[in-house]
Amino acid sequence: MTTLAVSHLTKRYRKFCALDDVSVTLHDGVYGLLGPNGAGKTTLIRAIAGIQPPEFGTITWNGTDLSMLGNSYYDSIGYLPQYPRFYAHFTGYEMMCYIAALKGGTSEQKIKELLEFVNLTDEAGKRVGAYSGGMRQRLGIAAALLNDPKLLILDEPTAGLDPIERIRFRNTLARIRSGRIILLATHIVPDIEALADHILLLRKGKLIQDGTAGELCKKMDGQVWEFPVCQENLSEILHSMRVSSVRGESPITVRVIAETSPTADATAVEPTLDDVFLYYFSRTEADHDRIDTV
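Sequential numbering of the sequence shown, starting at 141, is according to this note's numbering.
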């Protein structure tokens with residue numbers, strides 16, 4: 141089994157602490173790194189990818205520090221940045237050949253198989269500059285898989301994609317998840333919910349929770365409520381409570397996060413990952429300090 145261990149990772153940019161003593165161990169499976177923009181997700185995955193060394197702490201790959209592995213580590217990983225950059229005048233096929241050459245070469249058959257795998261065979265002869273955002277992301281996945289990596293790192297891979305492309309992208313990942321570590325950094329909850337075996341919650345550089353979706357939701361039992369409200373009271377509810385969703389018309393049903401029943405007619409309901417995200421990432425600093433000490 142493949143193991144990636146992060147220990148006490150810290151990274152500062154002058155006075156700003158992007159990572160604050162982060163420790164986690166990953167094995168084969170899909171890990172969702174979930175947090176709002178600015179949480180430190182990109183800094184963490186750039187450190188894991190060997191692009192940006194940490195200020196303090198260590199990262200080991202199967203028990204060996206990255207600094208001791210040299211290029212052999214890069215032979216084991218695939219990395220898709222948030223905004224993959226390609227030469228616009230290259231065709232998709234030419235771009236794959238170029239990246240394959242940079243990685244040490246691979247067969248023409250392998251390139252064709254990967255383009256077919258990400259459903260780009262028909263577009264392989266088109267200029268990359270004419271690709272849609274989703275097509276570019278799929279090309280990025282194909283390029284990241286050229287060396288059959290045991291660690292695949294994806295930074296906000298579905299940001300800016302339309303719903304159909306996001307579903308297609310998630311389906312692609314579902315087909316390649318076996319036998320490797322996939323680290324998926326995003327702030328889009330449905331992507332994590334659909335794919336991740338394990339979820340890491342990162343806020344302001346700190347790893348504040350980790351577990352399966354079920355485990356994280358279980359911790360919130362008794363703190364998610366639904367109750368009916370009339371239209372004239374909705375504005376006050378939205379202003380005074382942490383509202384997870386509003387649905388219906390007459391009556392309107394409001395879903396809120398609260399430690400105790402917010403109204404006499406409120407009913408406790410089963411938490412979702414959206415509720416978890418709201419619970420941990422929509423609080424004041426005083427609330428955060430209190431939660432972190434629990």
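From the three backbone atoms N, C-alpha and C, an ideal C-beta is built for every residue, glycine too. Note that the structure is a prediction, hence the values are computed from the model and not measured.
One alpha carbon belongs to Gly345, the other to Leu378, and they sit about 29 Å apart. If you look at Phe367, you'll find it in the beta strand (DSSP E) that goes 364–369. When only Cα atoms are considered, Ser272 and Ile293 end up about 22 Å apart. The region 155–166 and the region 181–194 touch, with no fewer than 3 CB-CB distances between them shorter than 8 Å. Contact between Glu366 and Val409 holds, since their C-beta atoms are separated by about 5 Å, short of 8 Å. Cβ atoms of Ala283 and Ile239 come within 8 Å of each other, at about 5 Å.
Annotated three-state conformation of Arg343 is strand, per DSSP. As the crow flies, the alpha-carbon of Phe226 is around 39 Å from that of Ser385. Within the region 180–221, the alpha helix (DSSP H) runs of at least 4 residues that lie entirely inside it are, in chain order, 181–188, 206–209, 211–214.
In the three-state reduction of the DSSP assignment, Lys151 falls in the strand class. The C-alpha of Arg308 lies about 27 Å from the C-alpha of Gly178. A contact between stretches requires three or more CB pairs, one per stretch, nearer than 8 Å, and the region 293–306 meets this requirement with the region 321–332. The three-state secondary structure of Arg267, taken from DSSP, is strand. Just measuring C-alpha positions, the residue of Asn373, Leu341, His167 sitting nearest Pro176 is Leu341.
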